[in-house]
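Colleague: Under the working numbering, the sequence shown is numbered contiguously, ending at residue 1106.
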Amino acid sequence: MNGVVVYYSRTGNTEKIAKVISEEIKGQEYNLKMFDKSEISLNEIDTLFVGSGIYGGKLDNQVKDFILSLNDKPYNIAVFITRAGIGKAYINEISDFIEKARNNGNKACDDFFECYGKGIIFHRKYPRQEDFKKVANWVKNIDFK
Ligand SMILES: Cc1cc2nc3c(=O)[nH]c(=O)nc-3n(C[C@H](O)[C@H](O)[C@H](O)COP(=O)(O)O)c2cc1C
């Protein structure tokens, strides 16, 4: 796999997961909070790990728009998120994103990775070591269709 990690992390939780993935795949990671899209090089890249915090039940628009605007070649796409645990809207949001990515000619992994992010009151010790192990395992067993 020749992969990169493209994500948006407002407060650093998704970034922690992104860094584990990027080590696992030995690929670059780009937080769209810091990187301009034009700086992302996808030469030779076949796989995109796409990450976001959940904000108001949604994935970040910059990440979605960037991935759905790609039309140079088909990619393998896998989604990972962190969230606080409020509501279930994110599940339809991710399914919808995966469907759109497939309609654009990409392959995708149905099984997205999720864990809690560190909150001010709840989940203060998240993401946990266990989540880092789980995400590394998810990457190793990933399947695109
Ligand atoms: C503006 C805003 C809206 C949020 N909305 C949701 C939400 O709808 N559902 C949820 O579970 N968590 C929600 N959260 C919590 C974040 O998803 C959670 O803290 C996540 O780990 C943030 O990722 P980040 O640190 O990578 O930005 C929200 C956080 C913010 C700042």
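Glycine included, every Cβ here is placed at the ideal spot set by N, Cα and C. Model, not experiment: these values are computed from the prediction.
Just to confirm the assignment, what range does the beta strand (DSSP E) spanning Y1036 have?
Modeller: That residue, Y1036, is in no beta strand (DSSP E); it is neither H nor E in DSSP.
Colleague: Let me know if N1098 comes out buried or exposed under the rule of 16 or more other beta-carbons within 10 Å of its beta-carbon.
Modeller: Exposed, since its Cβ has fewer than 16 Cβ neighbours within 10 Å.
Colleague: So, helix, strand or coil for T1008, using DSSP?
Modeller: Note: T1008 maps to strand in three-state DSSP.
Colleague: How about S970: is its Cβ closer than 7 angstroms to a heavy atom in ligand 1?
Modeller: For ligand 1, at least one heavy atom lies less than 7 angstroms from the Cβ of S970.
Colleague: Give the straight-line distance between the Cα atoms of I1103 and I1081, rounded to the nearest whole angstrom.
Modeller: Roughly 32 angstroms between the two C-alpha positions.
Colleague: Who are the Cβ neighbours of E1005 in its own chain at under 7 angstroms, not counting the five residues just before and after it?
Modeller: Cβ neighbours of E1005 beyond the five flanking positions: N963.
Colleague: Indicate whether I982 and V1011 have their beta-carbon atoms separated by less than 8 angstroms.
Modeller: Cβ atoms of I982 and V1011: not closer than 8 angstroms.
Colleague: So what does DSSP say about R1085, is it helix, strand or coil?
Modeller: Coil at R1085, not helix or strand.
Colleague: Return the bridge partner residues of F1074 from the DSSP annotation.
Modeller: Looking at the DSSP assignment, F1074 forms a beta bridge with F1041.
Colleague: Locate the alpha helix (DSSP H) running through Y1051, then write down its first and last residues.
Modeller: A1050 to N1064 is the extent of the alpha helix (DSSP H) around Y1051.
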